[in-house]
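Below: one structure, written as structure tokens.
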Amino acid sequence: MRKLWRGSGVHLGLCFLSMFAMIPLLWMLSVSLMSPGEASSFPPPLLPQNPTFDNYRQLFEYSSMGRNFLNSLFVASAATLLSLTFNVSAGYAFAKLEFKGRQLLFRWLLSALVIPAQVSMIPLFLMLKGMGLVNSWIGVLIPFVASIFGIFLVRQYALSIPTEMIEAARIEGASELRIFRSVVLPLLKPILITLGLFTFLAAWNDFFWPLIVLTDSEKYTLPIALASLSREHVQDVELMMAGAVVTVTPVLVLFMALQRFYMSGTLAGSVKG
Amino acid sequence: MKPSVAGWLFVGPALAVIAVFFFLPVLAAFAISLTDFDIYALADLSNLRFVGFQNYADLLQRPLFWQALRNTLYFVLVGAPLSVMVSLAAALLLNGQMVRFKGFFRTVLFAPVVTTVVAVAVIWRYLLHTRYGLINYGLDWSGLPIVDWLGDPRFSMPSIILFAVWKNFGYNMIILLAGLQAISVDLYEAARIDGANARQRFFHVTLPSLVPSLFLVGVLTMAAYFQLFAEPYVMTQGGPIQSTLSIIYLMYEEGFKWWSLGSASAVAFILFLFMIVAAIGQLVVMRRYGSGV
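Just so you know, the protein sequences line up as chains A and B, in that order. So the first sequence is numbered by our numbering: it starts at 1 and just counts up by one. So the second sequence is numbered by our numbering: it starts at 1001 and just counts up by one.
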């Protein structure tokens, strides 16, 4: 009997926390379907009286949201591809290839994780300005190309590859590149998905750097466009909520679909190495 | 090709990118913080002068800098512990033996973490709306006085903290849940045999075993919270009367609104210094009160 009580207490607590987590998102969805002005009344309506997609239509027809969506999609996909290209081979090498100075170099990199990215951003901006790359896609993508965290994530996973497999391929005369391609990469598949997912979400959600480096509204990604929209159209709650839905839905769907990889990556990334 | 050569070739491209686009800029940021880099220098580098630590000295003279520092510390020192406590509560609930639909609850509680800060900040700005917001409606309904959440300097930072807790608690929850699951059942059994009640088991078994995870979560959360920016940018624009102006917000305005890039770099370095001090401080505290970290 006491067990039953405790069990229901735990469930009550979980339901309460879940409501805390979900109500803002459900409310966003509901308001995005209301007609203009409907949400600005008292008491605040919980559900739309006549659900309508007008806000979405307006968003895509009269503002540049469609364009911003494609920008975000492009930036996040390109960032993912670049990150996989640069970080995976490095992570593997730090785990499995003996070379001089490896341990020291890796420790150096890890200790640099404490440096907040913002410290580098003013000189990076000036550098890109010198190269004429402000307001360019290359400029937005630069911070995502190689990341210490990404290398660390892949290395932790690659440590579990049996060295004998690599040795065996070496004895058979396979080149290091070949070993990497046909032996290592297939084994690394789960962490590739994790790293890809992390990078995609980070690039999609990123705000500070694109805010600095993108000056032309044609190039804005969704968060920048939404932030400027929310400063201009303070009163259009319904429109803003539709914008928030458009911004948040892709990442939520991606997360739901690949949740397993996300969770395992969160844990792997937080284990002290 | 020898594996040692291959190793360097494999790490080379990533290291080169990190060196050129991260390490070099960090060093350059320090150099810039020692100059009077401003809009004139931006137009013509010959206008640049070395000023030593003048930018730092000037900042320490400015009330706005102290305000930003106070606000950021408020956010970190209140927001981070609060976030970790909510995460811990959520993890303890999820770790209950008879919890059903564990996967469902975990997903739901984690969902805010993956959302876009700007988008959900827009949502919360309306939830906190004085006249039409759900939160004030709830207060009014329960007979409590309503609050001008984002318009009253006493409540603006607590509002942003509430939002940050909502957005972030799921992340630490996952790490702490893994920590809880790693605690050996034998320890609980032994404590039970010794006659420890649930409370005692929590304080003498669960909490000490969780010290490494709590330390990790604390450091990560504080580091992230020191970088407060998008939340006030969207929800309050640093106001009212600068009550939510954060250090990074100040750096952004100095650097990219007024183009005082020398001064902005100094702000960035002061923030970095604070982050290091906070991390070391936490390490010391944990060493003293916890088993080995």
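Idealized CB from N, CA, C, for every residue including glycine.
When the cut-off is 8 Å and only beta carbons count, does residue i lie next to chain A?
| i | result |
| --- | --- |
| residue 1274 of chain B | no |
| residue 1271 of chain B | yes |
| residue 1130 of chain B | no |
| residue 1240 of chain B | no |
| residue 1225 of chain B | no |
| residue 1006 of chain B | yes |
| residue 1264 of chain B | yes |
| residue 1218 of chain B | no |
| residue 1025 of chain B | yes |
| residue 1292 of chain B | Model confidence at residue 1292 of chain B stands at a pLDDT of 45, short of 50, so the residue's coordinates are unreliable; what they give is reported in the following sentence. No, its Cβ sits nowhere closer than 8 Å to a Cβ of chain A. |
Going by C-alpha distance, which of the options is nearest residue i?
| i | options | result |
| --- | --- | --- |
| residue 1216 of chain B | B:1041, B:1176, B:1011, B:1089 | B:1176 |
| residue 1073 of chain B | B:1264, B:1234, B:1224 | B:1224 |
| residue 1207 of chain B | B:1179, B:1195, B:1194 | B:1179 |
| residue 1161 of chain B | B:1143, B:1229, B:1211, B:1091 | B:1229 |
| residue 265 of chain A | A:153, A:178, A:245 | A:153 |
| residue 1271 of chain B | B:1258, B:1139, B:1227 | B:1227 |
| residue 1025 of chain B | A:22, A:100, A:118, A:94 | A:118 |
| residue 278 of chain A | A:42, A:215, A:95 | Here chain A has residues from 1 to 273 only, and residue 278 of chain A is not among them. |
| residue 146 of chain A | A:167, A:223, A:182, A:86 | A:86 |
| residue 1307 of chain B | B:1182, B:1205, B:1183 | This structure cannot settle anything about residue 1307 of chain B, because the visible part of chain B is limited to 1001 through 1293. |
| residue 288 of chain A | A:184, A:267, A:165, A:31 | Absent from the model: residue 288 of chain A. The displayed extent of chain A is 1 to 273, so no value can be given. |
| residue 1218 of chain B | B:1281, B:1185, B:1200 | B:1281 |
| residue 1079 of chain B | B:1013, B:1220, B:1029, B:1043 | B:1220 |
Applying the criterion that 16 or more other CB atoms from any shown protein chain within 10 Å of the CB defines a buried residue, is residue i buried or exposed?
| i | result |
| --- | --- |
| residue 997 of chain B | Beyond the ends of chain B as shown, which are 1001 and 1293, falls residue 997 of chain B; an answer cannot be given. |
| residue 1244 of chain B | buried |
| residue 272 of chain A | Bear in mind that the predicted position of residue 272 of chain A carries a pLDDT of just 43, short of 50, making it too unreliable to give a figure here. |
| residue 1293 of chain B | A caution first: residue 1293 of chain B carries a pLDDT of 39, below 50, which makes its placement in the model unreliable, though a value can still be read off. Classification for residue 1293 of chain B: exposed. |
| residue 209 of chain A | buried |
| residue 1005 of chain B | exposed |
| residue 1141 of chain B | exposed |
| residue 333 of chain A | Because chain A in this structure spans residues 1 to 273, residue 333 of chain A falls outside the shown range and cannot be described. |
| residue 1242 of chain B | buried |
| residue 1104 of chain B | exposed |
| residue 1154 of chain B | exposed |
| residue 42 of chain A | exposed |
| residue 1167 of chain B | buried |
| residue 236 of chain A | buried |
Does the Cβ of residue i lie closer than 7 Å to at least one heavy atom of the ligand SAM?
| i | result |
| --- | --- |
| residue 1116 of chain B | Among the ligands in the structure shown, none appear at all, so the ligand SAM cannot be discussed. |
In three-state DSSP terms, what is residue i?
| i | result |
| --- | --- |
| residue 1050 of chain B | strand |
| residue 273 of chain A | In this predicted model, residue 273 of chain A has a pLDDT of only 37, less than 50, meaning its place in the structure is not dependable enough to derive any value. |
| residue 1072 of chain B | helix |
| residue 80 of chain A | helix |
| residue 1292 of chain B | Confidence at residue 1292 of chain B is low in this model, with a pLDDT of 45, below 50, so the placement of that residue is unreliable and no value is reported for it. |
| residue 249 of chain A | helix |
| residue 1035 of chain B | strand |
| residue 63 of chain A | coil |
| residue 1058 of chain B | helix |
| residue 1237 of chain B | coil |
| residue 215 of chain A | coil |
| residue 228 of chain A | helix |
| residue 172 of chain A | coil |
| residue 96 of chain A | helix |
| residue 129 of chain A | helix |
| residue 28 of chain A | helix |
| residue 1171 of chain B | helix |
| residue 165 of chain A | helix |
| residue 238 of chain A | helix |
| residue 47 of chain A | coil |
| residue 52 of chain A | coil |
Within 8 Å (strictly less), CB to CB, does residue i reach chain B?
| i | result |
| --- | --- |
| residue 134 of chain A | no |
| residue 198 of chain A | no |
| residue 127 of chain A | yes |
| residue 92 of chain A | yes |
| residue 10 of chain A | yes |
| residue 227 of chain A | yes |
| residue 13 of chain A | yes |
| residue 162 of chain A | no |
| residue 319 of chain A | No answer is possible for residue 319 of chain A: the residues shown for chain A start at 1 and end at 273. |
| residue 273 of chain A | Residue placement at residue 273 of chain A is flagged as unreliable, the pLDDT there being 37, under the threshold of 50; the coordinate-derived value follows with that caveat. Taking Cβ atoms only, chain B never reaches closer than 8 Å to residue 273 of chain A, which makes this a no. |
With a threshold of 8 Å between beta carbons, is residue i in contact with chain E?
| i | result |
| --- | --- |
| residue 1251 of chain B | Looking at the structure shown, chain E is missing, and the protein chains on hand are A and B. |
Stretch pair the segment 1001 to 1019 of chain B + the segment 127 to 135 of chain A: three plus CB contacts closer than 8 Å: no
Validate contact between the segment 100 to 108 of chain A and the segment 1262 to 1279 of chain B using beta carbons, cut 8 Å, 3 pairs: no
If we count Cβ pairs, one from each stretch, closer than 8 Å, do we get three or more for the segment 1116 to 1126 of chain B versus the segment 224 to 241 of chain A? yes
Stretch-stretch touch, CB-based, cutoff 8 Å, three pairs: the segment 1233 to 1240 of chain B with the segment 1008 to 1028 of chain B: no
With contact counted as at least three CB pairs below 8 Å, one residue from each stretch, are the segment 133 to 149 of chain A and the segment 71 to 86 of chain A in contact? yes
Would you call the segment 204 to 224 of chain A in contact with the segment 58 to 73 of chain A, where contact means no fewer than 3 C-beta pairs closer than 8 Å? yes
Any chance the segment 12 to 20 of chain A sits against the segment 1089 to 1097 of chain B, with 3 or more Cβ pairs inside 8 Å? yes
Does the segment 60 to 71 of chain A come into contact with the segment 182 to 202 of chain A, if we say contact requires no fewer than three beta-carbon pairs (one atom in each stretch) closer than 8 Å? no
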